[in-house]
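What follows is a single structure, written as structure tokens, with notes after it.
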Amino acid sequence: MQYALYGKSPHSPIFKSGFLFLNIDETYLSRCIELAKQGRGHVSPNPRVGAVVISENGNVIGEGYHQHYGDAHAEVAALSSCENGATRGSTLYVNLEPCCYIGHTPPCTDAIIGAGIKQVIISSPDPNPKVNGKGISKLRENGISVSIGQLAEEAKYLNRGYFSRIQRKRAWCAAKIALSIDGKMANLAGQSKWITGKEARQIAHSLRADNDGILVGRNTVQLDDPELTVRMVEGSDPVRIVLAGSGKIATNSVIARTTSSVRTIMVVDLTAEIDDKLSGLELLRLPSDENGIIDPQQILRELPAFGIQSILIEGGAKVLSSFMAADMLDEISIGVAPSIIGQGISPMEHFIPASWEERPKYRLKSFHKAGSDFIMTYVRGE
Numbered sequence: 096m097q098y099a100l101y102g103k104s105p106h107s108p109i110f111k112s113g114f115l116f117l118n119i120d121e122t123y124l125s126r127c128i129e130l131a132k133q134g135r136g137h138v139s140p141n142p143r144v145g146a147v148v149i150s151e152n153g154n155v156i157g158e159g160y161h162q163h164y165g166d167a168h169a170e171v172a173a174l175s176s177c178e179n180g181a182t183r184g185s186t187l188y189v190n191l192e193p194c195c196y197i198g199h200t201p202p203c204t205d206a207i208i209g210a211g212i213k214q215v216i217i218s219s220p221d222p223n224p225k226v227n228g229k230g231i232s233k234l235r236e237n238g239i240s241v242s243i244g245q246l247a248e249e250a251k252y253l254n255r256g257y258f259s260r261i262q263r264k265r266a267w268c269a270a271k272i273a274l275s276i277d278g279k280m281a282n283l284a285g286q287s288k289w290i291t292g293k294e295a296r297q298i299a300h301s302l303r304a305d306n307d308g309i310l311v312g313r314n315t316v317q318l319d320d321p322e323l324t325v326r327m328v329e330g331s332d333p334v335r336i337v338l339a340g341s342g343k344i345a346t347n348s349v350i351a352r353t354t355s356s357v358r359t360i361m362v363v364d365l366t367a368e369i370d371d372k373l374s375g376l377e378l379l380r381l382p383s384d385e386n387g388i389i390d391p392q393q394i395l396r397e398l399p400a401f402g403i404q405s406i407l408i409e410g411g412a413k414v415l416s417s418f419m420a421a422d423m424l425d426e427i428s429i430g431v432a433p434s435i436i437g438q439g440i441s442p443m444e445h446f447i448p449a450s451w452e453e454r455p456k457y458r459l460k461s462f463h464k465a466g467s468d469f470i471m472t473y474v475r476g477e
């Protein structure tokens, strides 16, 4: 069985970052990343992984991806899609180092060795201490050529939550902000629906589907009464997280009324008293400071225990400011609409940097137009 790659020959050029390139390895690794994306919302806390098998004569003979947590990993799925015996002498491409230990499934390295693969090309090592180079070593010890490092940045970003949980012991934290061209996210009354248009909102829903959790403050629940689900694109609903130190949110809010259908966590102070009508909520109790602020870093450190490796913050200004003050915002996506709000609320109006020199700095990751709006995504760093 042969598969067409994007409907083109394996030697057809493709574009990357606006430049033409002919690197066949990057072409197939890019395909692995695209396959891996199909597992979003279904594989966490496992990483998203895709794999492609290429025969000795350069044909794509199999591909697969990790579809559900506990199911076959990408490498096994790709090898299983090949005809019997076709994998002998073939090359396997995969965006993350194959596992080499027994978990919910047998080691992928054993499947690769047993399939007679002669070469494995990997984008990134797996930071999991159970793997972290051991998978590569095992393959090499069994006579398989291994190369690593192409498209590493893209592969790591794909699994940013997984890498953050393992390497930094906390969830990855992104924020989505819709702004007017005068930099306001709401008017003085807190009204913010809808600043951006349909196309930008579709991207916002895609961001929701791309993260394990979505976090808002109590005021956002009160003012906007959001549903916080994925509706405008295909994808699974993230876990809803409400930061409400006092434990008080409206019992007739959409979130309070839908806890049986959408998993919801409320982050509250250690002494918060919860209304009996708020059933179905999971509670994360943490200490607050003298101003009633719960440490954002502590929240992010606790969330992996709930199976949450990445979150998207959707407001409001106090929540965004507190996470910025704690230097916990890894990524910010801003949708700018061609409208003016005038007097209103700025997203970081409660944040005061220690000094001009110490103000947080971000670098532009992407920029594109969505309808009449512009979407910019920034990641932490100079």
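Quick note: to get my numbering, add 95 to the position in the sequence shown (first position is 1). Glycine included, every Cβ here is placed at the ideal spot set by N, Cα and C.
Chain-order list of residues whose beta-carbon lies under 6 Å from that of residue i (same chain, five-residue window excluded)
i	result
alanine 173	Ala146, Val148, Gly157, Glu158 and Gly159
glycine 285	Leu318
histidine 463	Ile470
glutamine 438	Leu283
alanine 273	Ile290, Thr291 and Gly430
leucine 376	Thr354, Thr359 and Met361
Beta-carbon proximity of residue i to residue j, cut-off 9 Å
i	j	result
glutamate 178	alanine 206	no
isoleucine 208	isoleucine 231	no
valine 215	valine 189	yes
isoleucine 360	alanine 266	no
aspartate 320	arginine 135	no
alanine 432	serine 467	yes
valine 337	leucine 310	yes
glutamate 192	isoleucine 128	no
Beta-ladder partner(s) of residue i, from DSSP
i	result
glutamate 158	Val147
glycine 439	Asn282
methionine 361	Val337 and Leu378
glutamate 426	Ala269 and Val474
isoleucine 217	Val189 and Ile243
leucine 310	Ile336 and Ile408
leucine 274	Val431
serine 383	Ile389
Minimum C-alpha distance to residue i - residue among the options
i	options	result
glutamate 236	Ser356, Arg255 and Lys213	Lys213
aspartate 371	Lys343, Ala421 and Asp364	Lys343
proline 382	Gly375, Leu376, Pro391 and Ile408	Pro391
threonine 200	Asn141, Phe401, Gly256 and Ala181	Asn141
arginine 260	Ile298, Ala400 and Asp422	Ala400
serine 416	Asp364, Ile360, Gln393 and Pro442	Pro442
leucine 234	Asn223, Ala247 and Thr204	Thr204
alanine 419	Ile360, His163, Glu453 and Leu130	The amino acid occupying residue 419 in the given sequence is methionine; alanine does not appear at that position. Ranking the options by Cα distance to methionine 419, first place goes to Glu453.
asparagine 152	Pro333, Ala181 and Tyr164	Ala181
methionine 280	Gly411, Ser139, His445 and Trp451	Gly411
serine 185	Pro433, Ile239 and Val334	Ile239
aspartate 356	Ser434, Ser275, Val241 and Pro333	It is worth fixing the name first, because residue 356 is serine in this sequence and not aspartate. Closest by alpha carbon: Pro333.
Coil, strand or helix - residue i by DSSP
i	result
cysteine 268	strand
glutamine 404	coil
phenylalanine 446	coil
methionine 419	helix
arginine 458	strand
lysine 464	strand
alanine 167	coil
Close beta carbons around residue i, own chain, < 7 Å, minus the five adjacent residues each side
i	result
glycine 278	Ser441
arginine 458	Tyr473, Val474, Gly476 and Glu477
glycine 340	Val363, Asp364, Ala367, Ser383, Gly387 and Ile389
Cβ shell of residue i (< 8 Å), same chain only, five flanking positions each side left out
i	result
leucine 488	Nothing about residue 488 can be read from this structure; the chain reaches only from 96 to 477.
Residue i: CB within 8 Å of a non-hydrogen atom of the ligand PLP
i	result
serine 232	The model depicted lacks the ligand PLP and carries no ligand whatsoever.
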